[in-house]
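All the letters of the first sequence, read from the start, carry residue numbers 192 to 375 under our numbering.
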Amino acid sequence: MGERLERSFFARPALELAPALLGMRLVHWLENMRIAGIITETEAYDGEHDLACHARAGRTPRTEVMYRQPGTAYVYFTYGMHWMFNVVCAEEGYPAAVLVRALQMVDWVGPEKPRAHGPALLTKALGISRPQNGLDLCDAEGELWLEYGEPPDPALIRRKPRVGIGGVPEPWKSLEWNFRFDLS
DNA sequence: AGCACGATTAACT
DNA sequence: GTTAATCGTGCTC
């Protein structure tokens with residue numbers, strides 16, 4: 192039911208992977224049911240020098256996952272109640288990741304189509320939380336993966352500064368590392 | 001050991 | 001536009 196993205200797809204800088212993930216599908220196989228959505232918004236976080244990136248603190252118990260091989264899931268908890276899903280990218284040993292911020296749901300469980308237009312809503316809709324942190328998205332037998340989808344027309348991709356990082360200094364605060372497009 | 005704050009959201013005024 | 005909810009993490013003492 193769709194071809195999984197291979198590790199080579201993720202083995203590139205966050206700034207390249209973030210727009211490339213638009214239109215791809217994020218899939219979670221949960222209790223024999225498929226939950227999936229088309230990625231419509233992403234954000235790049237790149238290295239220890241990027242003061243908006245968690246890796247600015249260096250290698251810690253939380254950020255250790257970001258140093259793993261590309262195609263690893265980095266899932267973290269914030270605001271005392273929300274989970275965020277990221278795809279680790281670039282080369283192993285270099286901490287970079289793409290935050291997936293919004294999906295257009297295509298497969299779900301139950302009568303109501305869940306909302307996934309926000310990073311915390313997305314993880315809630317797909318049932319992603321602590322147990323998925325560190326999973327290999329390229330494991331052919333894995334429960335969580337990405338699939339090829341239809342990329343948007345590049346002219347429809349909008350760039351903006353990253354969301355929710357108001358406290359960080361320039362230039363990081365204003366770099367347009369957020370990518371999104373509107374699905375009709 | 002204690003503290004400030006966060007890659008957010010929903011419910012207010 | 002403003003604010004409460006809620007707790008893990010990293011930093012300071």
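Using N, Cα and C, we set each Cβ at its ideal position, and we do this for glycine too.
Treat the numbers as computed from the prediction; the structure is a model and nothing was measured.
Buried or exposed (CB count within 10 angstroms, at least 16 for buried), residue i
{"i": "T269", "result": "exposed"}
{"i": "N277", "result": "buried"}
{"i": "E232", "result": "buried"}
{"i": "L263", "result": "What sits at residue 263 in the sequence shown is Thr, not Leu. So T263 ends up on the buried side."}
{"i": "M275", "result": "buried"}
{"i": "A287", "result": "buried"}
{"i": "E234", "result": "buried"}
{"i": "L374", "result": "exposed"}
{"i": "R349", "result": "exposed"}
{"i": "A293", "result": "buried"}
{"i": "P210", "result": "buried"}
{"i": "N223", "result": "exposed"}
{"i": "G340", "result": "buried"}
{"i": "A346", "result": "exposed"}
Start-to-end residues for the alpha helix (DSSP H) that takes in residue i
{"i": "L313", "result": "310 to 317"}
{"i": "L294", "result": "Where L294 is concerned, there is no enclosing alpha helix (DSSP H), although the beta strand (DSSP E) it sits in stretches over 287 to 298."}
{"i": "A209", "result": "205 to 211"}
{"i": "R198", "result": "198 to 201"}
Terminal residues of the beta strand (DSSP E) in which residue i lies
{"i": "F276", "result": "273 to 279"}
{"i": "R225", "result": "224 to 237"}
{"i": "R371", "result": "369 to 371"}
{"i": "W336", "result": "335 to 338"}
{"i": "R216", "result": "216 to 221"}
{"i": "G364", "result": "Note that residue 364 is Lys in the sequence shown, not Gly. Per DSSP, K364 belongs to no beta strand (DSSP E) and is neither H nor E."}
{"i": "Y270", "result": "Neither: Y270 is in no beta strand (DSSP E) and is coded neither H nor E."}
{"i": "R253", "result": "R253 -> no beta strand (DSSP E), and no H or E assigned at all."}
{"i": "R349", "result": "349 to 351"}
Whole-angstrom C-beta distance between residue j and residue i, which should lie under 8 Å
{"i": "G299", "j": "I226", "result": "The residue asked about is misnamed: residue 299 is Trp in this sequence, not Gly. Right, the Cβ-Cβ distance comes to about 5 Å (below 8 Å), so this counts as a contact."}
{"i": "A307", "j": "G214", "result": "At roughly 15 Å, the Cβ-Cβ gap does not stay under 8 Å, so A307 and G214 are not in contact."}
Same chain, Cβ closer than 8 Å to residue i, neighbours up to 5 away in sequence not counted
{"i": "A243", "result": "Y236, R353, I356, V359, W363, K364"}
Neighbourhood of residue i by C-beta distance below 6 Å, restricted to the same chain and skipping five residues each side
{"i": "H245", "result": "T254"}
{"i": "Q323", "result": "A264, V266, L335"}
{"i": "P342", "result": "G214"}
{"i": "T251", "result": "none"}
Contacting residues, own chain, Cβ-Cβ under 7 Å from residue i (five flanking each side not counted)
{"i": "G284", "result": "Y258"}
{"i": "R247", "result": "E239, D241"}
Does the region 312 to 321 come into contact with the region 198 to 205, if we say contact requires no fewer than three beta-carbon pairs (one atom in each stretch) closer than 8 Å? They do not touch, by the three-pair rule.
I'd like to know if the region 255 to 262 and the region 352 to 364 are in contact, where contact means that at least 3 CB-CB pairs between them fall below 8 Å. Counting Cβ pairs under 8 Å, fewer than three are found: no touch.
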